[in-house]
Each structure stands twice: as C-alpha cells, then as structure tokens.
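Peer 1: Could you have a look at this structure, given as structure tokens, before my questions?
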Amino acid sequence: MEEQDLEVIHEFLVESYENLAKLDQELVALESRPNDKSLLAGIFRTFHTIKGTCGFLGFATLEKVTHQAENLLSQLRDGQRELTSSLVTLILETVDSVRRILSAIEAGGAEGGETFEPLIEKLRAAAQKGNEPLPPAAPAAAQTCPENVSDEDGPKSGSISDSNVRVGVEVLDKLMDLVGELVLARNQILQYNSEREEPVLNATSQRLNLITSELQSGVMKTRMQPIGVVWNKLPRVVRDTAVALGKQIRVEMDGAETELDRTIIEAIKDPLVHLVRNACDHGIERPEVRVRVGKAVQGTLSLRAYHEGGQVNIEIADDGAGIDAARLRQKAVDKGLLRPEESGRLSEKEALHLIFRPGFSTVEAVTNISGRGVGMDVVKSHIEKVGGAVDVVSQPGKGCAIRLKIPLTLAIIPGLVVGSGGERFVIPQVSLLELIRLEGDRRLENVNGTPVCRRRGSLLPVASLSDVLGLAGTAPAEAVNMVVLQAEDQQFGLLVDAIGDSQEIVVKPLGKQLKGLSVYAGATIMGDGRVALILDVRGIGQCSGVLADSRQQARGSREPQSRVESERRRLLLFRAGSFERLALPLSVVSRLEEFPRSSIEKAGGRHVVQYRGEILRLVPLGAVLEGTRPDIEIADPAPVVVVKDGARSVGLLVDEILDVAEEAVIARQKTTRKGLLGSAVVGTQVADFLDLNFVIRAAVEDWFDDVGKTPTPARILLAEGSGFSRGLIRGGLDMAGYTVLEASNFEEALRRLEEQPVDIALVAADLPPHGASALLDAVGARTEWHAIRVLTLAAGSETGLPDGLAKFDGDGVLKSVASLAAAIACDFQTPQHTTTGGRP
Amino acid sequence: MTTEAGQFATFVVSDLSFAVDVLRVQEVLQPQPMTRVPLACGVIEGLINLRGQIVTAIDMRRRLGLPPRGSGRPSMNMVIRYEDAAVSLLVDEIGDVLQLNPEALDEPPVNLDSAVRNIIRGIYKLPDRLLLVLDIERAVDLAQAMAA
Chain V
1 MEEQDLEVIH
11 EFLVESYENL
21 AKLDQELVAL
31 ESRPNDKSLL
41 AGIFRTFHTI
51 KGTCGFLGFA
61 TLEKVTHQAE
71 NLLSQLRDGQ
81 RELTSSLVTL
91 ILETVDSVRR
101 ILSAIEAGGA
111 EGGETFEPLI
121 EKLRAAAQKG
131 NEPLPPAAPA
141 AAQTCPENVS
151 DEDGPKSGSI
161 SDSNVRVGVE
171 VLDKLMDLVG
181 ELVLARNQIL
191 QYNSEREEPV
201 LNATSQRLNL
211 ITSELQSGVM
221 KTRMQPIGVV
231 WNKLPRVVRD
241 TAVALGKQIR
251 VEMDGAETEL
261 DRTIIEAIKD
271 PLVHLVRNAC
281 DHGIERPEVR
291 VRVGKAVQGT
301 LSLRAYHEGG
311 QVNIEIADDG
321 AGIDAARLRQ
331 KAVDKGLLRP
341 EESGRLSEKE
351 ALHLIFRPGF
361 STVEAVTNIS
371 GRGVGMDVVK
381 SHIEKVGGAV
391 DVVSQPGKGC
401 AIRLKIPLTL
411 AIIPGLVVGS
421 GGERFVIPQV
431 SLLELIRLEG
441 DRRLENVNGT
451 PVCRRRGSLL
461 PVASLSDVLG
471 LAGTAPAEAV
481 NMVVLQAEDQ
491 QFGLLVDAIG
501 DSQEIVVKPL
511 GKQLKGLSVY
521 AGATIMGDGR
531 VALILDVRGI
541 GQCSGVLADS
551 RQQARGSREP
561 QSRVESERRR
571 LLLFRAGSFE
581 RLALPLSVVS
591 RLEEFPRSSI
601 EKAGGRHVVQ
611 YRGEILRLVP
621 LGAVLEGTRP
631 DIEIADPAPV
641 VVVKDGARSV
651 GLLVDEILDV
661 AEEAVIARQK
671 TTRKGLLGSA
681 VVGTQVADFL
691 DLNFVIRAAV
701 EDWFDDVGKT
711 PTPARILLAE
721 GSGFSRGLIR
731 GGLDMAGYTV
741 LEASNFEEAL
751 RRLEEQPVDI
761 ALVAADLPPH
771 GASALLDAVG
781 ARTEWHAIRV
791 LTLAAGSETG
801 LPDGLAKFDG
811 DGVLKSVASL
821 AAAIACDFQT
831 PQHTTTGGRP
Chain E
1001 MTTEAGQFAT
1011 FVVSDLSFAV
1021 DVLRVQEVLQ
1031 PQPMTRVPLA
1041 CGVIEGLINL
1051 RGQIVTAIDM
1061 RRRLGLPPRG
1071 SGRPSMNMVI
1081 RYEDAAVSLL
1091 VDEIGDVLQL
1101 NPEALDEPPV
1111 NLDSAVRNII
1121 RGIYKLPDRL
1131 LLVLDIERAV
1141 DLAQAMAA
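So the protein lines, in turn, are chains V and E. Our numbering puts the first sequence at residues 1 to 840. Our numbering puts the second sequence at residues 1001 to 1148.
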C-alpha cells in the first residue's frame, strides 16, 4: 500500500477508535434519554463520518454496515420512530462490529473475510420495519467473527493508541508562555554578557541562546501546522468522489503553506472534507451538462488559504452550477423550516445561508456521498466552535464558493511595526500592500474634506491612524508615511508617524475587557518585553469610514447609507441624464423592464404605465437628479428599473441599463450632492451610488408621508366640476390608497355626503353652480359633518384665491391630504375647516 | 464564596482601604511598563506583559470615579485571577494581609457614593479605619463601569 494511504488509514483508525469510545457512552446515555435530539444527532454524525471516510478508503464492508446504521439513525433523528432498547442493542452490536473491522484493518490493512451480512440484514430490516418491535438481537456477528481478529477485540488497537500521545492544548500554551519567559531571560543574559568579556559566561550564554531558540521553535512547531497537512488528503477525496459520480474534477491549491494553529487544523479537518465532497457532488455538474452549458468538461475545485487581518481565510470554490436561491427557499418551505411568507422575506444572502440549517439538503436522492443534510450544519458548528464564520457566495451557473474565516488565536505572523501618537502598533503583513512616502509633488489631496491619494491611476481613500485611534496627532510634516492596506477586496491608505521593522510576532488574544474593540486583532510582546497592539485592518478601515462595512447591518446600525453599502456585492449599473454610471444595489431592484413609449401615459403631472394590472409610477431619473422639469425625452422602448418598497413599486426611467457588477467596489468617496450617496470605483470606472430614498422622495412626495400612518384609508369627497381635473386628482389619491367619492356639482356633493361618511372634502373653488363657499356653508350647517376637514382647490389665477391649493399641483394636494389624514388617524383636534392657507 | 479562610489582601486607593480575598490574588507587582489601548474604555490604563501573558490593567482611581493619581506617584499592580485569565488593578499602595471574621462584615451604607457601593460586597469596621471588601466580578465588569 502507498505511504500516503497508510497515513490516511492510520489517522482514520485513531479517529474512529476515539469516536467509538464516545459512542458507547452516548448510546447508553441515549437509552435513558431517548428524546435527546442532540445526542442522536451526535451519534448519527459519528456513523456518518466513519462511513464517509471508509468509503474513500475502499472498506466496502465497513461502509455497508455504517450505511445501514446511518439509515436507521436518521429515522430516529428525524423522529420517524421511537428508540427502543432492542434498537439500542442493535446499534451497540453495530458498534462492536465496526470495532472488529477496524481491528482487522489495523492488523492486516484490510477488512478481513467477514461480511457481516446477518447484521446488515438486521439493520436493513429494522430500518424498513418502522416501529414494529424487533426480535431480540442475537449476537450473531460475534459468532461469525474469525478468531485471530476477535483476540484483539479486548485490548483494542494497542499499537496505534500507544504510539501517539495526545497533549492538551493548555499544556502547550503553558509551555509556550514558559518559553516566552525563557527568551526574555536569555535576552537579558546576552545583554549582560555583551557588557563584559568572560569566556566561560560567553560560551555558556551562546549555548543557552542556541538551546532557547531551538526550544522555542520546537514548542512553536507543536502548535503550528501548514494547512497542506489536511489538504494533501483532499485530491484523493475528490478523485474518488469524482469517479463514483462519473465526473471529471481537477483540484487547484493555493496557500498550502499557510500555517495554522493545531487546534484550528483539528477543527477544520472534517468540515473541509465535507465541503469538498459537497462541491464535487452538488456543485460541479456532470460532464454532459457542462458541455451543454459551454463549460470545460473538467470541473475545477480550487482551495485557497491565506491570512487576512488576524484571521485565516480558507476558500473552497467550484466552477459548477452554483446555488439556486429560489430552490433553497422552496425547499425550506417544503421541509417546514420556514413559512412561505418568511422565505419570501429572505435576502439572497440569507437564502443561501439556509444550507447551514440542520436537516437541510436540496438533493432528492440520498447518496453515499452526501445529501442527508448532515454536512453543512456540522461544518458551521465546527467552524463557529473555534470562533470562526462561514460564508457562501454563489453565482448561479458559474459556481459557488464557501469561505471560512477563522480567527488567529495563536499564530506566528509576520507583521510591520508602525508608530503613531507615540505608541507602537503591529500591522499584519498579509494586509500590507506597499509603503508610500508622500513628499514633494506627491501629496495628499482632498475631495470635499476627505483625504485621498492618487496611486497608479486610481484614487485611494486615506485615513490617519492617530485620528482613527484618537491619538494626539503630529503637526503636518513635509513628508508623510503611508501604508497601503487591503481588507477583503478593498484597499486604503493609512497614515502613520513612523514605520519600523518587519518581524515575526506571536498573536495573543486580548482580555475580555477589550474584546469589543474592532480595531485590534490582538496583542503581541515585542523584543523589549513590552506589549504592542496588533491592528485589525478591516476594523481600522471600517472605523475610519474608508471601507464599506458589511457587518454594519448585522449590528443593527440605522445609518441610511449602510443599507446601500452593506449590499454592495451586486450592483446594477445604468445611465440617466448627465450621469453616465449610476449604481443601485441589486437587492432593491425588483425587475428590469422595457416599456414601449406609447404605453407610457402622463397622469397628474407624472409618467405612469400600466404594469401587471396596476399603475406603476415612473420617475424620470435624469431630470430628478439634475433638478430640471420632468419633461424629458423618453427613449423607445424606455428602459425602467422597477424598485420596490413595501407593497408599492416605482419605476425609475433611465436612459440605458449598463451592467450588473459583482462585488467590485474598490474605493468610495462620500458626496454632498443631493440624490447621490457617494461615488466608488466599480469594476474599472467610477460610478455614482444613487440615494434611492431621496429620489423617490423628490419624485413621489407622498410615498413616505402616508405609509403606515392611516390605519383605515381616509374617505375623500372630490367635488370638482371639470371631469378632466377630477380624473387627474383622483389618480393621485387612488394611488395613495384613499377611498375617493366624486361629485361634479353642489347637488351631487351633498348627496354623496348624505350617502356615506366622509373624512376629507376636496372642493374646487369653482364648483358649479355657485363655487366652493356654498358647499362649505352647507357642511358648516350640519353638526354631523363638523368632523369633515375641507380643502379648497383653486385653479391658480382664475379664482383669485392666492392661498388656496392649486388644482394642478398634484403633489401639494396629496401632501395636504396626507397630513389631514394623519391628523384624523391620530384623532388630532383641528378646526373643522382647513383651507391650507386662507379660505375663499 | 471563598471567604472561609478569612484572609484578605488589602490595598489603598486615595483615602479608601480595600480588601480582596487573598486566594484571588495572583501576585503583586511594582509599577510595570504600560501599553496604552486607544479607544478602550477610560478605566483601562493599558496592557502589561506578565511573563508572556498579556494582562489588562484597570485603574482603580478612575474605576471609583476619583481624581487621578498625582504624577510621580507610581501605581502598584495587584494582579487578580479572573475567569481563567488575570487582570491587574492599579492601586496606590499595597497593604498587609489581614485575618478577618466573615461574620463581622457589614452591609455598605446606602448613602455611599454609588461608584464605590456598586463594586463592594461589604465593610469591615477595623479599629482604626473602615475596610471595603471589593466585589472583583463587579469591579472588572466594564460594561458596568461605562454605565456608571
């Protein structure tokens, strides 16, 4: 057998023995607590793990046994059947059999001749029978067991467990601290030695120096491992999975030398195998499908690992079909994990995160490889146990990437020492792109008070470390030092007072009292024995506002801007008026439409279009942004971005829809220009971010005013002689959700008022036959109509009522009505008659 | 509570005498080089290197809402074991270890300044002075310090 395989089997045995020992206890505990779901899930996972691994190692019998046991356990876990003691016996028997097979493997590298058919049959029968009582389990397997193997049954797996000593991490931590002390003591002795010339001391201290260094690196080594240790096994996993599924998959690896703390390696080992298997099984398509959609026959699975901002990032990406968020939503509803209305509310990202829910799997058939809904929730729980996070990014049709972010609790990283405000800080080297000294011609520039720096044709946002940390700033000097940093996909410059050495540092966690500070990733002890803080580059960027904050939303920030920034992953780019590149987060866009110019009508001074059985209001975006009148040239067909807010939609009339950009924001500048949130480099060009709130507010003033204010829509009497004006005003009122009654003259208005209660009367000053005053008097004469608020509508100059509402000022009318309606809703005591100004 | 032994380490902050359960005290240190932590809560004086372990130092004067120690008056570190780790309390002077009868502990008077009252468990009436027994958990709970 190959060296590599032996190593894999060895690890498999160690791990399986440990799991089995745990299983015995868990199963006994389960008997007394048969409804303990977490216990059942744990037992199920153990079998799942063994089954999964032995599948790849080619141990067919073991796989068969565990597969059947897993079937049975999954029924128990899902509550499809009760756990009886005969079932526990059966499972324990299975555990014993598994242990025997493992002993055989350890002894001879193969499973031995035993088939375990009776046991497999019993497990199968049990799984099929559902809740029927089982015949008492006979120790059949034990009898069929070959002698040479059963001998080893008692002192199980002696050789392997003896050759490995598992040392608690706290012991290693303690050793590490002691070595740290030793290093400091050594430094002092070396210092002392250099001051005097004593040959004996000199020789001894040299020796001490050497031994200390070796001890230090030795102790370090006990904790650090390159991630390649785990990765090396993955190509085999991929190959076997691919063969089993009839797929062709190539593995790419980048960053295998990235060193990880031992505890982290342990924690990510299983999740990685799960993720890789999942990517092969669900992600990458079968060759014929790939050919059909125009991809290379061979799928690619890429593994990437790197340190970033005090964290280790591991990315498992495939170029497969990606994840269909709509299907996830549907599946969640079908499985009863979500109610249909809940699933509709999920954002794209939240929907993708459904895959991490326990019991969630979108694959119909339960295969040997995956599809039981066990993988992803285990991955998540393992990663979160070490304080990490899992994220999933998917581009339907193009592939899917799972990103693990794992904190660097104890790792040695290269860092750059910088000084600011008289303090020393360490910047992790991985976040560092370059050092720039700004002097002479090359200096900082200001955009609206925000410092920026030109760097090879692009604008780099700049922050000052002293400002971010609130340290005493130094006087502006002739030359400034800037470090260019990268966090996630964005870059920024950080001004520091001094740039020091680059050195290897040991990251130490901060105390509980300082955990809340996002600007620090930890602390380290410098050569002189003093503590220096390690900067969290992402935290610094976010704190100073030079980085879009993707976590802000999670923290519940109500800053309006963050709503746009946080969803910067996918942006819709379009052109309107003089704005060549405008951007909106795709998440606020409900549809992109093109309407023939002939279908766009003008009503109430606005452009509207009939859309899905409703009237869709169109906002001429270019005109709104430029502050000009909305008499714009409309393209034919007119491209429209439909955005949705609550139950209502509005269409943005744009000139051209350009593109959808994926997570490409590099740098951003704030702006004071109305209608724009700021600008940013998207892809390679600058784009302006649209302030949707402003645009809608400017164009549709009543959108926000009346939303949620009136519990029952106000009833409005619209008394107006001209049918044309009536229709015009009514359109706006209808859209705002009011119940509108129409009257064309005084008589009709009275009739309407008598027929049903009315909250607001809109009366045209020129209401036939005698004008508004006749109706006002009539309303004033009846006590039961005193609650009615009256608004008069004047048609500009024709009535000589300068302060009445202008009839054609649709927005003004709507606004006044909305405020009245709100007052009614609050039972606010206002005079019975309002003219919003004077009365006729 | 582990006051059965009845042994208390004492320290002085301004004109107040404090006592902590001696079993919670890890060690007492001379003034240490301190690394400031910008943006941290004001009562955190900084970080010290305690033989490779990074320990947060809390200034008891600020914690108690007292005026700052005059310059030239170094602060002593009383390193307290707290949740698997350690914190250092910066105090003016370190006193003796005293044997005290736990039953003689009095409730803190209600009119005591809340910054002090919130972080003590009670008061011992010594012949020459009053000794305030520090509630370590509350004293190092900085969420509380921020609110105070």
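The C-beta atom is built at its ideal place from N, Cα and C for all residues, glycine as well. The structure presented is a predicted model; accordingly, all values stated were derived computationally and were not measured.
Measuring CB atoms only, is the segment 116 to 128 of chain V touching the segment 48 to 68 of chain V, in the sense that at least three cross pairs come out at less than 8 Å?
Peer 2: Segments in contact, yes.
Peer 1: Identify every residue that forms a DSSP beta bridge with Y17 of chain V.
Peer 2: Y17 of chain V pairs with nothing; no bridge assigned.
Peer 1: Looking at chain E, which residues of the segment 526 to 541 of chain V have a Cβ within less than 8 Å of any of its Cβ atoms?
Peer 2: Residues G529, R530, V531, A532 and L533.
Peer 1: Exposed or buried, which one is R99 of chain V when buried takes at least 16 other CB atoms within 10 Å?
Peer 2: By the neighbour-count rule (16 or more Cβ atoms within 10 Å), R99 of chain V is buried.
Peer 1: In whole angstroms, what is the alpha-carbon distance linking Y306 of chain V and I314 of chain V?
Peer 2: Distance between the alpha carbons of Y306 of chain V and I314 of chain V is about 7 Å.
Peer 1: So with Cβ pairs under 9 Å, would you call A1085 of chain E a contact of chain V?
Peer 2: Yes, because at least one Cβ of chain V sits closer than 9 Å to the Cβ of A1085 of chain E.
Peer 1: Under a three-way DSSP split, which group does T786 of chain V fall into?
Peer 2: Reading off the sequence, residue 786 of chain V comes out as His, not Thr. Three-state result, H786 of chain V: coil.
Peer 1: Have a look at V:L444, V:D377, V:A401 and V:V312 and flag the residue whose alpha-carbon is nearest the alpha-carbon of P428 of chain V.
Peer 2: Here the closest residue by C-alpha is V:V312.
Peer 1: Examine chain V for any beta-carbon lying closer than 9 Å to the beta-carbon of Q1026 of chain E, and answer yes or no.
Peer 2: Not closer than 9 Å to any Cβ of chain V, the Cβ of Q1026 of chain E fails to qualify, so no.
Peer 1: Which of the residues in the segment 1046 to 1057 of chain E, read from start to end, lie with their CB under 9 Å from any CB of chain V?
Peer 2: Hits within the stretch, in order: G1046, L1047, I1048, N1049, R1051, G1052, Q1053, I1054, V1055 and T1056.
Peer 1: Who are the near neighbours of L741 of chain V in its chain, counting only those whose CB is closer than 6 Å to its CB and skipping five residues on each side?
Peer 2: Within the same chain, L741 of chain V has close Cβ partners L717 and R752.
Peer 1: Under 9 Å, Cβ to Cβ, is there at least one residue of chain E near G51 of chain V?
Peer 2: The question names Gly, yet the displayed sequence has Lys at residue 51 of chain V. Not an interface residue.
Peer 1: Assuming R454 of chain V is part of the beta strand (DSSP E), what are its boundary residues?
Peer 2: Note, R454 of chain V: beta strand (DSSP E), T450 to R455.
Peer 1: Between the beta-carbon of Q298 of chain V and the beta-carbon of Q248 of chain V, is there less than 9 Å?
Peer 2: Yes, Cβ-Cβ distance for Q298 of chain V and Q248 of chain V is below 9 Å.
Peer 1: Is the shortest distance between the beta-carbon of Y884 of chain V and the beta-carbons of chain E less than 9 Å?
Peer 2: Outside the shown range of chain V, which is 1 to 840, sits residue 884 of chain V, and nothing can be said about it.
Peer 1: Within 8 Å, do at least three Cβ pairs link the segment 216 to 226 of chain V to the segment 253 to 271 of chain V?
Peer 2: Yes, they touch.
Peer 1: State the Cα-Cα distance for the pair A761 of chain V and I788 of chain V, rounded to the nearest angstrom.
Peer 2: Rounded to whole angstroms, A761 of chain V to I788 of chain V spans 7 Å at the Cα level.
Peer 1: Show which residues of chain V have a CB atom less than 7 Å away from the CB atom of A1040 of chain E.
Peer 2: Those within 7 Å of A1040 of chain E in chain V are L514 and L517.
Peer 1: Roughly how many angstroms lie between the CA atoms of I211 of chain V and E198 of chain V, to the nearest whole one?
Peer 2: The alpha-carbon atoms of I211 of chain V and E198 of chain V are separated by roughly 20 Å.
Peer 1: Let me check understanding here. Comparing Cα to Cα, which of V:S217, V:G577 and V:D270 lies closest to V229 of chain V?
Peer 2: Comparing Cα positions, the closest option is V:D270.
Peer 1: From the beta carbon of R1081 of chain E, is the nearest beta carbon of chain V less than 9 Å away?
Peer 2: Not one chain V Cβ lies under 9 Å of R1081 of chain E.
Peer 1: Quick one: using the 10 Å Cβ neighbour count with 16 as the cut-off for buried, is P1109 of chain E buried or exposed?
Peer 2: Looking at its Cβ environment, which holds fewer than 16 other Cβ atoms inside 10 Å, P1109 of chain E is exposed.
Peer 1: Between E:V1091, E:S1017, E:Q1026 and E:V1022, which lies nearest to F1008 of chain E when the distance is taken from Cα to Cα?
Peer 2: Cα-wise, what sits closest to F1008 of chain E is E:V1022.
Peer 1: Rounded to whole angstroms, what is the Cα-Cα separation between L432 of chain V and M482 of chain V?
Peer 2: Computed Cα separation, rounded: 11 Å.
Peer 1: I'd like to know if L253 of chain V contacts chain E, where contact means its C-beta is closer than 9 Å to some C-beta of that chain.
Peer 2: Residue identity check: residue 253 of chain V is Met in the sequence provided, not Leu. Answer no: the Cβ-Cβ gap between M253 of chain V and chain E never drops below 9 Å.
Peer 1: What does the alpha-carbon distance come out to for the pair E656 of chain V and G732 of chain V?
Peer 2: Approximately 28 Å between the Cα atoms of the pair.
Peer 1: Quick check for students: name the residue ranges of the beta strand (DSSP E) that lie wholly in the segment 739 to 770 of chain V, counting only runs of 3 or more.
Peer 2: If we require 3 residues or more, the beta strand (DSSP E) runs fully inside the segment 739 to 770 of chain V come out as 739 to 743 and 760 to 764.
Peer 1: Looking at G651 of chain V and L618 of chain V, is the spacing between their C-beta atoms short of 9 Å?
Peer 2: Yes, these two residues count as a Cβ contact at 9 Å.
Peer 1: DSSP on F59 of chain V, reduced to helix/strand/coil?
Peer 2: Coil.
Peer 1: According to a CB-to-CB cut-off of less than 7 Å, which residues of the segment 614 to 629 of chain V neighbour chain E?
Peer 2: Here the close residues number zero.
Peer 1: Within the 9 Å Cβ cut-off, does I1119 of chain E reach chain V?
Peer 2: Chain V contact via Cβ: absent.
Peer 1: Is R1036 of chain E close to chain V, meaning its C-beta is less than 9 Å from at least one C-beta of that chain?
Peer 2: Closer than 9 Å to some Cβ of chain V, the Cβ of R1036 of chain E qualifies, so yes.
Peer 1: State the beta-bridge partners of H307 of chain V as determined by DSSP.
Peer 2: H307 of chain V is bridged to V:V312.
Peer 1: Mind pulling the alpha helix (DSSP H) runs of 4 or more residues that sit fully within the segment 1036 to 1097 of chain E?
Peer 2: Correct list: 1060 to 1063.
Peer 1: How do the segment 1125 to 1139 of chain E and the segment 1013 to 1030 of chain E stand: do at least 3 beta-carbon pairs fall below 8 Å, yes or no?
Peer 2: Output reads yes: the segment 1013 to 1030 of chain E touches the segment 1125 to 1139 of chain E.
Peer 1: Nearest chain V C-beta to V1140 of chain E closer than 9 Å, yes or no?
Peer 2: Closer than 9 Å: yes.
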